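Structure first, commentary second.
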Amino acid sequence: EVKGKSPNLTGEMINTSINQTLSRTMLTSMTTLLVVLILYFLGGEGIHGFAFALVIGVIVGTYSSIFVASPILLWMTNRSEKPNTSAV
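This note's numbering applies: residue -8 is where the sequence shown begins, and numbers increase by one.
Set out below in structure tokens:
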């Protein structure tokens, strides 16, 4: 939706996209985290390790979706748009 306004990917576009999807990302993550925490506390001994790994995964995944993926996308886009001047 945002990219249709301009064909070039900019930091402003990425920021707008993050702002538009932030509430959905947080709601999805919190809902998943709630279920996994219930599974951890009410599950049996054999499920505690699995549920703990899921808790860590949800937290790290949410963080990386918001704060890590966007700068990497912008960096990769800017890097691919620059002409390669190191040709021999």
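No residue lacks a Cβ here, since even glycine has one placed at the ideal position from N, Cα and C. If you're wondering where the values come from, they're calculated on a predicted model, not measured in any experiment.
State the start and end residues of the unbroken alpha helix (DSSP H) segment that holds residue 7.
Here residue 7 is taken as the residue at index 16 of the sequence shown, counted from 1. Unbroken alpha helix (DSSP H) run through residue 7: 2 to 33.
Quick check: what's the CA-CA separation for residue 5 versus residue 11?
On the sequence shown, residue 5 is found 14 positions in, with the first residue counted as 1. On the sequence shown, residue 11 is found 20 positions in, with the first residue counted as 1. Distance between the alpha carbons of residue 5 and residue 11: 10 Å.
Do the stretch 52 to 60 and the stretch 29 to 38 meet, that is, are 3 or more Cβ pairs less than 8 Å apart?
no
Short check: CB of residue 27 to CB of residue 51, under 8 Å?
Taking the first residue of the sequence shown as position 1, residue 27 is located at position 36. Taking the first residue of the sequence shown as position 1, residue 51 is located at position 60. No.
Considering residue 43, what are the terminal residues of the alpha helix (DSSP H) in which it resides?
If you number the sequence shown from 1, residue 43 lands on position 52. Note, residue 43: alpha helix (DSSP H), 36 to 54.
Throw me the rounded Cβ distance for the residue 14 and residue 53 pair, which I believe falls under 8 Å.
What you label residue 14 is simply residue 23 of the sequence shown in a count that begins at 1. What you label residue 53 is simply residue 62 of the sequence shown in a count that begins at 1. Wrong, their Cβ atoms sit about 13 Å apart, outside the cutoff.
Using only alpha-carbon positions, find the residue among 7, 42, 8 that is nearest to residue 23.
Along the sequence shown, read from residue 1 onward, the residue named residue 23 stands at position 32. Among 7, 42, 8, the Cα nearest to that of residue 23 is on 42.
Can you tell me which of the three DSSP states residue -1 falls into?
Within the sequence shown, residue -1 is the residue found at index 8, counting from 1. Residue -1 falls in the coil class under three-state DSSP.
Output needed for residue 9: all residues of its chain with C-beta closer than 8 Å, excluding positions within five of it in sequence on either side, in chain order.
On the sequence shown, position 18 is the one that residue 9 refers to. Result list for residue 9: 57, 61, in chain order.
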